[in-house]
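Count the sequence shown with full-length UniProt numbering and you get residues 1 to 231, in order. All C-beta atoms in this analysis are idealised placements derived from N, C-alpha and C, irrespective of residue type, glycine included.
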Amino acid sequence: MGTNKVFAVFGLGTFGLTVAETLTEKGATVIAIDSDENQVNLIKNKVDTALVLDTTDERAMEKAPLDEIDTAVIALGEDLETSIITTALIKKRGIPIIIARAVTSIHEQVLRQIGATEIVNLQRDGGERLAQKLVAKEVLDTVPISGDFSISEIEIPKGFFQEKPENMALKEKFGIRLIGVKRQKLDLDGEGTPVKTEYLVFAEDLETFQEGDIGIILGENSKIKELEETL
1 MGTNKVFAVF GLGTFGLTVA ETLTEKGATV IAIDSDENQV NLIKNKVDTA
51 LVLDTTDERA MEKAPLDEID TAVIALGEDL ETSIITTALI KKRGIPIIIA
101 RAVTSIHEQV LRQIGATEIV NLQRDGGERL AQKLVAKEVL DTVPISGDFS
151 ISEIEIPKGF FQEKPENMAL KEKFGIRLIG VKRQKLDLDG EGTPVKTEYL
201 VFAEDLETFQ EGDIGIILGE NSKIKELEET L
């Protein structure tokens, strides 16, 4: 990436760790932050700065070294309260670009209202995904992280169904990381009517690709474009 931009990643679960590691590999300056010291220890030797910090503590956030941050990535989607409070406090610090992970449409609306400039929704509803399919090829949706780096959704090609993720060789061929896949399952609603619901399987828990899988990837835009041309 060759960027001089400074990123802060808040929340070091699977998604946050992947973002922080990938940005570092691409040459960005990264500050990784989590309230769990064990999670911080997983990445402290891979990023420029790693902090143990309660991001819902206003005083702690005011003192945190965030003045030089160009982009904040809020990877706290599953903990809605922490996600919302952290986003609000980051907005208060004046960070210009705030990319936040949302897990529901209401969560997304709240994050936008309090200052998130971009939303990453790893469990976006099936209807919206279908609309993306109609206007795009295999790359269904893209959220920019920086000028030349994005999180995208791709259809897993038929030839990789029942194959292990490593057989797709995304990192080896394109320098792209697989975060996970979105899948659908059949459930019953309150009236007993069958409905399709979507769920997320992170890469570390993924044994093989299945028919209908939507891959969630991180990489340089040029490499994602190159991947798209091979699918």
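Query	Result
Secondary structure of SER150, DSSP reduced to three states	strand
Neighbourhood of ASP48 by C-beta distance below 7 Å, restricted to the same chain and skipping five residues each side	THR29, VAL30 and ILE31
Proximity to ASN221 [Cα-Cα], best of MET168, GLY190, LYS196 and VAL143	VAL143
Nearest residue (CA-CA) to LEU89, options GLY190, HIS107 and LEU111	LEU111
Distance, GLU226 Cα to GLY94 Cα	36 Å
Candidates ILE217, LEU186 and GLU204, of which the one nearest PHE174 by Cα	ILE217
Closest Cα partner of ASN4 within the set ASP34, GLN39 and ASP70	ASP70
Own chain partners of PRO96 with C-beta closer than 7 Å, once the 5 adjacent residues on each side are dropped	ASP70
Minimum C-alpha distance to ASN121 - residue among GLU155, ASP148, GLN162 and ALA75	ALA75
Per DSSP, the bridge partner or partners of ALA50	ALA32
PHE209, buried or exposed, once every other Cβ within 10 Å from all chains shown has been counted against 16	buried
Residue 295 classed as buried or exposed, judged by whether at least 16 other C-beta atoms fall within 10 angstroms	This structure cannot settle anything about residue 295, because the visible part of the chain is limited to 1 through 231.
Inter-residue Cα distance where the pair is ASP189 and GLY212	22 Å
ILE69 in three-state terms, based on DSSP	coil
N-terminal and C-terminal residue of the alpha helix (DSSP H) that ALA88 is part of	80 to 92
Of the residues ILE154, PHE15, ASP36 and THR87, the one placed nearest THR230, counting alpha carbons only	ILE154
Cα-Cα separation between LYS158 and LEU186, rounded to whole angstroms	21 Å
Residue burial classification, ASP34 (beta-carbon count within 10 angstroms, cutoff 16)	buried
Through-space distance from GLN162 to LEU12, alpha-carbon basis	29 Å
Cβ-Cβ distance between residue 233 and PRO165 below 7 Å	Outside the displayed range of the chain (1 to 231) lies residue 233, so it cannot be described from this structure.
Neighbourhood of LEU53 by C-beta, 8 Å cutoff - its chain only, sequence neighbours within 5 removed	ILE33, ASP34, SER35, ALA60, MET61 and ALA64
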